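Taking the numbering used here, the leading residue of the sequence shown gets 328, the next gets one more, and so forth. A virtual CB, placed ideally from N, CA and C, is assigned to each residue, including glycine. Only a predicted model underlies this, so the values are computations on that prediction, with no experimental measurement involved. First up is the structure itself, then whatever we jot down about it.
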Amino acid sequence: MGADHYRLLFEYNDWANQRVLEQAAAVPEADYFAPAPGLSFGSLHATLVHLLVAEIVWLARWQGGNPPEGLKDARGAARLAQTEVPDFGRLSAIWADARRDQQRFFAGLEDEDVSRPLSYRDQAGNPFTQPLEQLMAHLLIHSTQFRAEAAVRLTQLGRSPGDIDFIVWLRQKRP
328 MGADHYRLLF EYNDWANQRV LEQAAAVPEA DYFAPAPGLS FGSLHATLVH
378 LLVAEIVWLA RWQGGNPPEG LKDARGAARL AQTEVPDFGR LSAIWADARR
428 DQQRFFAGLE DEDVSRPLSY RDQAGNPFTQ PLEQLMAHLL IHSTQFRAEA
478 AVRLTQLGRS PGDIDFIVWL RQKRP
């Protein structure tokens with residue numbers, strides 16, 4: 328699978344994320360921040376923060392760098408949701424920047440980049456080397472998991488993002 332394949336998948340990922348964010352923007356603040364059973368990070372807000380921070384962290388690694396200091400702990404999303412990303416407005420602003428950064432990365436991605444080994448350290452500082460394609464696949468699957476958690480909560484709140492399946496997006500994009 329080459330660069331075009333991953334561009335396609337991440338274009339879908341962005342579309343699905345945006346569908347979730349559009350609905351989250353309309354949720355009353357009390358519900359948006361309320362603890363809810365079944366969410367890995369406790370609230371809709373913290374779940375979205377985790378989803379966002381994971382995308383920032385992995386993109387920084389793919390580019391050979393480190394994420395911004397305040398946003399490097401994706402597992403600490405509940406804390407970040409109170410400090411670095413305290414409300415939906417801040418989440419949206421950071422996400423807009425992250426989307427632009429990710430789009431630039433994928434615009435420059437070449438086929439030979441996809442299989443190149445990438446060395447990075449996890450959040451505990453452990454070193455790893457894996458092909459970029461495995462790391463991109465990981466982020467896509469990770470995003471699907473936490474986007475699904477957010478979508479279930481949104482549906483419970485009467486704000487379903489609708490059908491966010493890949494095939495639905497493909498059919499809308501390429502009828």
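Chain-order list of residues whose beta-carbon lies under 7 Å from that of residue i (same chain, five-residue window excluded)
i, result
"A361", "S370"
"W342", "W496"
"N340", "L467, S470"
Residue i versus the options, residue with shortest Cα-Cα distance
i, options, result
"L467", "M328, Y333, G329", "Y333"
"H465", "D331, W385, W342", "W385"
"P395", "I494, G416, A425, F432", "A425"
"L459", "I494, V441, N340", "V441"
"R388", "S367, Q429, A363, E356", "Q429"
"V347", "D492, T410, K500", "D492"
"G503", "Q450, Q390, A451, Q461", "As displayed, the chain neither begins before 328 nor continues past 502, which places residue 503 out of reach and without an answer."
"Q472", "P355, L335, F368", "F368"
"Q450", "A363, T374, N393", "N393"
Cβ shell of residue i (< 6 Å), same chain only, five flanking positions each side left out
i, result
"V412", "V376, L418"
"M463", "Y333"
Whole-number beta carbon distance between residue j and residue i, since they are thought to touch under 8 Å
i, j, result
"E382", "S470", "7 Å"
"R474", "L378", "6 Å"
Contact under 8 Å by Cβ, residue i with residue j
i, j, result
"D438", "G329", "yes"
"F433", "F337", "yes"
Other residues of its chain near residue i: CB distance less than 8 Å, five sequence neighbours each side excluded
i, result
"A357", "none"
(Q) Quick check: the segment 474-493 against the segment 340-352, are at least 3 beta-carbon pairs closer than 8 Å? (A) Pairwise C-beta distances place the segment 340-352 in contact with the segment 474-493, as three or more of them are shorter than 8 Å.
Q) Between the segment 412-424 and the segment 469-478, are three or more C-beta pairs nearer than 8 Å? A) Touching, no, given that fewer than three Cβ pairs across the two stretches are closer than 8 Å.
Q: Count the CB pairs spanning the segment 437-446 and the segment 455-465 that are closer than 8 Å, and state whether there are at least three.
A: Flag = yes, the segment 437-446 and the segment 455-465 touch.
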